[in-house]
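To start, the structure under review is shown below, and the notes come after it.
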Amino acid sequence: MAELFGYKISKSKDEEGGTSFIAPSSDDGATDIAGGGFGASYLNTDGREKTDIDLISRYRDIAQQSECDTAIEDIINEGIVANERDIAVQIVLDNIPYSSKIKKTITEEFEEVLRLLKFEQKGHDLFRRWYVDGRIYFHKIIDQKSPRKGITEVRYIDATKIKKVRKIEKEKDVKTGVDKVKKVHEFFLYNEKGLGSTGVSGGIQIHPDAITYVPSGVIDGNGGRVLSYLHKAIKPVNQLRMVEDSLVIYRISRAPERRIFYIDVGNLPKVKAEQYLKDVMNRYRNKLVYDATTGEVRDDRNHMSMLEDFWLPRREGGRGTEITTLPGGQNLGEIDDIVYFQRKLFRSLNVPISRLEAESQFTLGRSTEITRDELKFTKFVQRIRKKFVPLFTDILKTQLLLKGVISPDDWKNIQEHIQYDFLADGHFSELKDAELLNDRINTLNQIEAYVGTFFSKQWVQKNVLRLTDIEIEEMQKQINKEAGMDPEDGGINLPDAHGGIRRDDTAQGKAGEPGDAEDSTTYNPQEQPPKEEPKQEPQE
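Residue 207 in this note's numbering sits at position 207 of the sequence shown; the count goes up by one each step and never skips.
Following this line, the structure appears as structure tokens:
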């Protein structure tokens, strides 16, 4: 295999695994190619899209439709919440069995990842690109002469110019004659001019460790292709457009009232009857038009169009010449069919229908008053967040391995335990948090008598109050500081009643309370109290 562009982070040899007659499942939409070269890939969606590039262009097109854009904005605003003070996403390392120092280092590197992505300013745009295209690519740039510096820059790559490809090598088993998968080579194929309408074509082959690739997680069961969350909205958007266009055409064609002229032609032959009808039309259809450009008034004789009057001949024996009126459309105000397809579009994107209604006002009440659709929508947003966070995990992995914070073997043990805490939205989250805190305090009051006997203090902090390890540590520091028990963190040493210095560096609490030998009150050696002599008991 030819040398790939980019860099490679070495892995342990025990990752190879055993042999099999099938290739590993491709959950990221990678295109399988034969050992000899490149092949075309096709995807037929509604009879139009042939490749992933056509499909991405279709997604971007329907995302510009007004109702679809409104639904997408609701999803993006719920997924990435930003305000003036707080960070949109934070890393949670409670389940990682490492020291606080290593956790702090990982947290600092995660903040560096957010800085490289410019997530504070572009987080909303990145999440929208990933949601609409169904995938997102980044090139991780490092200093080849000094890789210990870590990633120096992260650059976005257009999804229409890059594709993940797998090259499968097989060998025949001597005993059974079955073709076994010997090795799977994965790489990315990049072409500045796009990968073309025929699918996979020539370009630069890039090592997978140099690219961060995050698919949507929605896989086409037939072709194994990565789809966008907008894929279900293609048909509703097209139907909505067609209905809206047909309604506009109907309104334009049926809005005016037209006159119908029935002209009595008597017994004239057909040719003369038609000529007589045209003469009457020209006689009554002279139009005086004012030209605002030249200031002239001219006679504008136009041919009759479908939106103007109708002229019909009538033979002798009829009712003679007659002029009647053709009424305009009577149901021009009915848009039930448009509303139906709008609701269908919102349902296809899992957005609550109540957000479509302009008249329905959002009520900020208790969290128990939230509708079922809003609850389902919240769970949907949380699920797609889980699909998006590999963007942070992959860049963080490269950063930690390059800087030597952890080894590749260590990363295998901790990657599944890294979690992320996204900033929740608005007033409803405050109400929900207040109710949850109130319930936890009530539960704490009920089990307070059992703390120290059946429940430990640490168990109560983690399982009842739901505090993380970092929060527990910070909370204890604040308690010690406020109680004056920690001089290093801002506490003070208070003199006791005997003129000495009272010390209490433990969390037992309060001045004057008995504690361990180290925590007991100390006295000034020059002012020792007199010793009491033992009393003698009277002898019988």
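The beta carbon of each residue, even a glycine, is placed where N, CA and C say it ideally should be.
Q) Is DSSP giving HIS231 helix, strand or coil here? A) Of the three classes helix, strand and coil, the one that applies to HIS231 here is helix, per DSSP.
Q. Is it a yes or a no for the stretch 369 to 387 touching the stretch 347 to 354, going by three-plus beta-carbon pairs under 8 Å?
A. Yes, the stretch 369 to 387 is in contact with the stretch 347 to 354.
Q. How is VAL81 classed by DSSP in three states: helix, strand or coil?
A. coil
Q. Which whole-angstrom value describes the C-beta separation of ASP421 and VAL89, a residue pair presumed to lie in contact below a C-beta threshold of 8 Å?
A. 7 Å
Q. Roughly how many angstroms separate the alpha carbons of ASP158 and ASP69, rounded to a whole number?
A. 20 Å
Q. Do VAL214 and PHE388 have their CB atoms nearer than 8 Å?
A. Judged by their CB atoms, VAL214 and PHE388 are nearer to each other than the 8 Å cut-off.
(Q) Any contact between the stretch 50 to 61 and the stretch 160 to 171? By contact I mean 3 or more CB pairs, one from each, below 8 Å. (A) yes
(Q) Helix, strand or coil for ARG258? Go by DSSP, reduced to three states. (A) strand
Q | Contact under 8 Å by Cβ, ILE542 with PHE127 | A | The structure shown does not extend to residue 542, since the chain is modelled only from 1 to 540, so the question has no answer here.
Q.
Nearest by alpha-carbon distance to PRO545: which of VAL181, GLY295, VAL280 is it?
A. Since the first residue of the chain shown is 1 and the last is 540, residue 545 is not available in this structure.
Q: Measure the alpha-carbon distance for GLY224 versus ASP245 and round it to whole angstroms.
A: Their Cα atoms are separated by approximately 35 Å.
Q. Exposed or buried, VAL226, counting other C-beta atoms within 10 Å across all chains shown (16 or more means buried)?
A. buried
Q: In the DSSP assignment, find the unbroken alpha helix (DSSP H) run with LYS481 in it and report its ends.
A: 469 to 482
Q.
Rounding to the nearest angstrom, what Cα-Cα distance links LEU465 and ILE418 in this structure?
A. CA-CA distance, LEU465 to ILE418, rounds to 21 Å.
Q) Who are the near neighbours of ARG148 in its chain, counting only those whose CB is closer than 8 Å to its CB and skipping five residues on each side? A) LEU402, LYS403, GLY404
Q) CB-CB under 8 Å to SER305, same chain, minus the five flanking residues each way: which ones, in chain order? A) Residue confidence for SER305 is low, a pLDDT of 48 falling below 50, so the modelled location carries little weight; the figure read from the coordinates is stated next. Here SER305 has no same chain residue with a Cβ atom under 8 Å from its own Cβ, once five neighbours each way along the sequence are excluded.
**Q.** Three-state secondary structure (DSSP) of PHE454
**A.** coil
Q. How close, in whole Å, do the beta carbons of LEU356 and VAL237 come, if the pair is a contact with beta carbons under 8 Å?
A. So it is not a contact: roughly 14 Å between Cβ atoms.
Q: Could you tell me which residues DSSP pairs with TYR190 in its beta bridges?
A: ILE162, ILE204
Q: Please state whether DSSP places ARG385 in a helix, a strand or coil.
A: helix
Q) Any idea which residues DSSP pairs PHE138 with across the strands? A) TYR156, THR212
Q) When DSSP builds the beta bridges, which residues end up paired with ARG315? A) GLY266
**Q.** ILE142 to VAL154 span [Cα, whole Å]
**A.** 9 Å
**Q.** Residue(s) in a DSSP beta bridge with GLN239
**A.** Paired residue(s): none; GLN239 is not in a bridge.
**Q.** Nearest-angstrom Cβ-Cβ length linking ARG228 and VAL381, presumed shorter than 8 Å
**A.** Per the sequence presented here, residue 228 reads as Ser, with Arg not at that position. Incorrect: roughly 16 Å between the Cβ atoms, too far for contact.
Q: Mind reading off the beta-carbon distance from GLN399 to GLU112? Whole number of angstroms is fine, and I expect it under 8 Å.
A: 7 Å
(Q) Is the separation between the beta-carbon of PHE119 and that of LEU4 shorter than 8 Å? (A) no
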